[in-house]
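Protein chains in written order, with our numbering: chain A, 52 to 429; chain B, 52 to 429.
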């Protein structure tokens, strides 16, 4: 194996596949990055066996030569050292050569590194995924879908299935749902592709967070392939594989109330900042809980009181209040998470009583909702 | 106590005095910020008993009214909550009122906070420092003096005196020295003030680091007063007190070699980057040690070798090499710290043999030097 490559391209690829590499693995070779040089270009792979990322660097990018292939071959190099070396090389090009006994030489200007490599034949094979039932969504929409749901997954391993996001594909619609059983986030998106079949899977929250980090904010399409135990996200030069969680995701449809007894419309930012301030003195107290009450004259009061520290009272003008009077308490953190996930300058909160879950939606947007379970304090 | 204040000014002062407040204190009232309102303005104080910071907000800044004083008085408020509240208030002005029983109301727009205060009479008094023998240096020079020496203090408490920086004032010159007994940093500065007397004190490194953080990069003068057990730094609206370390600082003059057997001049940035790369594979091995050798043709070689990982060889062109041949090993970290502290694009390294400390200086600048003890490996 021997090639000369533009350092910038190599660095970008190394940083992408590093997202899957962890030092806490029981399979030693997975602390490495696999490098495969073919006649077409260079492929890097990183994996922690749950998530695997493959990045391809083509020989040419338009008219620009990126890789000069001298000899094909493959090697596995320690990710921690290799990534640091590539980041700090002195010149714009770098030559990588595998010599006898997996010894790998990395040359750039007057720097010469000699790394002990591992045999690429011993690197685990990536899942083989037949590219059937592919559906496509724009990268920026995919990132929004992830951002607006993944924060609500459970961080506790007591019910492992809740640490993932439920993805359902049906009638050319994708529905993403996350819940930790105290709150729920739901986001729908219409799929442009024809006849994509039916799926109901659970993708680990951690995988989606990592995926989101390596995707650019572009409108370029991402191909998505769902199989029985794997999902594959595919961009121009990147393959991102994640295993799926096993088990049945709870039926969340019945959690979302159909009726509503009180509807409140408020400015998202004003409400978020008031909740944030009200939570300042609640943090130390009863699990960060604030009280919400509807006052006369379309005014909302948010308050908290921790006798040993002090109390806060916030008043926010509501744009409209319809239905029954209400006093309710909820987690300020859950409300802030929900408000940050929503788009739009006004939101509508629909209550069905002080002891029932309530729903937060942007005004006139049915594609997204956030649900929070109240806390008994009033 | 009752006043209305511009939030920006209050926030800046709170952030400054917060630098001295720690939650890990054995004196409960020191977890608070003391607020004193006089006819002239508002004074905030934070302290961890080693460092105390006092910030004064005058009633007016030029033509602009900053504070409207309704009633003088004082209170101590929990720093953690008070600072978060001030940061998140909704409007540009804030009213603070102490009511019965130390209850303090903070009002801004439609937000109202009620904090349990503590009696300001119980807050420890700051040291009284007679303003004699004041000397002055520009803020940016003071920050440079700190930056170029404080990194070399010891982090170990086995010899507490070495956790401080030795400040000596004599013949209208200030000399700052720090050493952890493996390396030493020295920086001198001429004092413009007349007849400032003679001092030899040790200021805790931690205090200087905090001081540096709250000083702006301006040329405004800082007044410095040194007493037997305290040092006071004084800017327009800020007083910064630090206790001094007790004990005698070792005599470091004899550590600095007078003779030199090999002089090398190199480009600072090139050398720093080569050391950085050479240390990549040394990190896991012998305590981050790299080897330095002078090759033919004014070339420097820096290398490291950790058999289980690999090796690096770096070549750097020297601008000049004078004197004996040399092979020497040293800590890459110490060398990088020293190079980052120096100013100037070229540096001179003066060796007196492979087992003796060596000195690094900018070319033609006697005001600063860095000294490193080598490691035996060759």
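Every residue gets a Cβ at the ideal spot worked out from N, C-alpha and C, and that includes glycine. Given the structure is predicted, the values throughout are model-derived calculations rather than measurements.
Next on the checklist: By alpha-carbon positions, which one of 286/A, 356/A, 317/A and 162/A ends up nearest to residue 349/A?
Outcome noted: When each option's Cα is compared against that of residue 349/A, the closest is 317/A.
Next on the checklist: Please tell me whether residue 413/B and residue 395/B are closer than 7 Å, where the distance is taken between their beta carbons.
Outcome noted: Yes, the Cβ-Cβ distance between residue 413/B and residue 395/B is below 7 Å.
Item to check | Reduced DSSP category for residue 349/B - H, G, I as helix; E, B as strand; rest coil | outcome: DSSP places residue 349/B in coil when its eight states are reduced to three.
Checklist entry - When the distance is taken between beta carbons, is residue 118/A closer than 7 Å to residue 110/A? => result A contact, by the Cβ cut-off of 7 Å.
Item to check | Cut-off 7 Å between Cβ atoms - residues of its own chain near residue 126/A, not counting five sequence neighbours on either side | outcome: Scanning its chain for C-beta atoms nearer than 7 Å, with the 5 sequence neighbours on each side dropped, one finds around residue 126/A the residues 52, 86, 149, 153, 155, 168 and 171, in chain order.
Checklist entry - Mind pulling the beta strand (DSSP E) runs of 3 or more residues that sit fully within the region 365-400 of chain A? => result With a minimum length of 3 residues, the continuous beta strand (DSSP E) runs that stay inside the region 365-400 of chain A are 371-374 and 378-382.
Next on the checklist: Here's the rule I'm using: 16 or more other beta-carbon atoms within 10 Å means buried, otherwise exposed. How should residue 346/B be labelled?
Outcome noted: The residue in question, residue 346/B, is exposed, as its Cβ has fewer than 16 Cβ neighbours within 10 Å.
Next on the checklist: Is it buried or exposed, residue 77/A, if we count other Cβ atoms within 10 angstroms and call 16 or more buried?
Outcome noted: Around the beta carbon of residue 77/A, a 10 Å sphere encloses fewer than 16 other beta carbons of the protein chains shown; the residue is thus reported as exposed.
Checklist entry - Under the DSSP definition of a beta bridge, which residues are partnered with residue 272/A? => result According to DSSP, residue 272/A shares a beta bridge with 189/A.
Checklist entry - How about residue 228/A and residue 239/A: do their beta carbons lie closer than 7 Å? => result No, these two residues do not count as a Cβ contact at 7 Å.
Checklist entry - For residue 250/A, which residues does DSSP report across the bridge? => result Paired residues: 220/A.
Checklist entry - Around the Cβ of residue 116/B, are there at least 16 other Cβ atoms within 10 angstroms (buried) or fewer (exposed)? => result The residue in question, residue 116/B, is exposed, as its Cβ has fewer than 16 Cβ neighbours within 10 Å.
Item to check | 7 Å Cβ cutoff met for residue 84/A and residue 128/A | outcome: Yes.
Checklist entry - Cα separation between residue 192/B and residue 270/B? => result Cα to Cα, residue 192/B sits roughly 8 Å from residue 270/B.
Checklist entry - Of the residues that make up the region 134-148 of chain A, which ones have a beta carbon closer than 9 Å to any beta carbon in chain B? => result Here the close residues are 135, 136, 139, 140 and 141.
Checklist entry - Taking Cβ positions only, does residue 162/B come closer than 7 Å to chain A? => result Chain A, which has a Cβ nearer than 7 Å to the Cβ of residue 162/B, makes this yes.
Checklist entry - How is residue 125/A classed by DSSP in three states: helix, strand or coil? => result Here residue 125/A sits in strand by DSSP.
Item to check | Identified DSSP bridge partners for residue 281/A | outcome: Answer is 294/A.
Checklist entry - Any idea if residue 182/B is buried or exposed, counting beta-carbon neighbours within 10 angstroms, 16 or more meaning buried? => result Exposed.
Item to check | Residue-chain proximity (residue 261/A, chain B), Cβ-Cβ < 7 Å | outcome: Chain B, which has no Cβ nearer than 7 Å to the Cβ of residue 261/A, makes this no.
Checklist entry - Is it true that the CB of residue 60/B sits closer than 7 Å to the CB of residue 108/B? => result Judged by their CB atoms, residue 108/B and residue 60/B are nearer to each other than the 7 Å cut-off.
Checklist entry - With a cut-off of 8 Å, do at least 3 Cβ pairs link the region 200-208 of chain A to the region 401-418 of chain B? => result No contact exists between the region 200-208 of chain A and the region 401-418 of chain B.
Checklist entry - Which bits of chain B does residue 339/A rub up against, with CB to CB less than 7 Å? => result Residues of chain B passing the Cβ test: none, with the nearest at roughly 14 Å.
Checklist entry - Quick one, which residues of the region 323-334 of chain B are near chain A if we go by CB-CB under 7 Å, in chain order? => result Considering only beta carbons, the part of the region 323-334 of chain B lying closer than 7 Å to chain A consists of 324, 327, 328, 331 and 332, in chain order.
Item to check | Cβ neighbour criterion (16 or more within 10 Å) applied to residue 378/B | outcome: Exposed, because fewer than 16 other Cβ atoms sit within 10 Å of the Cβ of residue 378/B.
Next on the checklist: Taking DSSP's pairing of strands, which residues face residue 96/B in a bridge?
Outcome noted: Secondary-structure assignment with DSSP links residue 96/B through a beta bridge to 85/B and 105/B.
Next on the checklist: Contact defined as beta carbons within less than 8 Å: I believe residue 224/B pairs with residue 161/A. What is the distance between those atoms, to the nearest angstrom?
Outcome noted: So it is not a contact: roughly 42 Å between Cβ atoms.
Checklist entry - Is there at least one Cβ from chain A nearer than 7 Å to residue 364/B's Cβ? => result Yes, because at least one Cβ of chain A sits closer than 7 Å to the Cβ of residue 364/B.
Next on the checklist: To be precise: take each residue of the region 74-97 of chain B, compare its Cβ to all Cβ atoms of chain A, and keep it if any distance is under 9 Å. Which residues remain?
Outcome noted: Residues are counted here when their Cβ sits less than 9 Å from a Cβ of chain A; for the region 74-97 of chain B the count is zero.
Checklist entry - If the cut is a Cβ gap below 8 Å, which residues of chain A does residue 151/B touch? => result Neighbours of residue 151/B across chain A, judged by C-beta separation under 8 Å, do not exist; the nearest C-beta is about 14 Å away.
Checklist entry - For a contact meaning CB atoms closer than 8 Å, what does residue 54/A contact in chain B? => result Chain B residues near residue 54/A: none, gap ~19 Å exceeds 8 Å.
Checklist entry - Just by C-beta distance, which residues in the region 103-135 of chain B are closer than 8 Å to chain A? => result With the criterion set as a beta carbon lying under 8 Å from some beta carbon of chain A, the members of the region 103-135 of chain B are 129, 132 and 135, in sequence order.
Item to check | residue 165/B in three-state terms, based on DSSP | outcome: In the structure shown, the three-state DSSP call for residue 165/B is strand.
Item to check | Per DSSP, the bridge partner or partners of residue 355/B | outcome: Residue pairing by DSSP places residue 355/B opposite 363/B in a beta bridge.
Checklist entry - So which residues of chain A does residue 248/B contact, with C-beta pairs closer than 9 Å? => result Per Cβ cutoff of 9 Å: no residues; residue 248/B is ~48 Å from chain A at best.
Checklist entry - Looking at the structure shown, is residue 63/B part of a helix, part of a strand, or coil, going by DSSP? => result Looking at residue 63/B - three-state DSSP - the assignment turns out to be helix.
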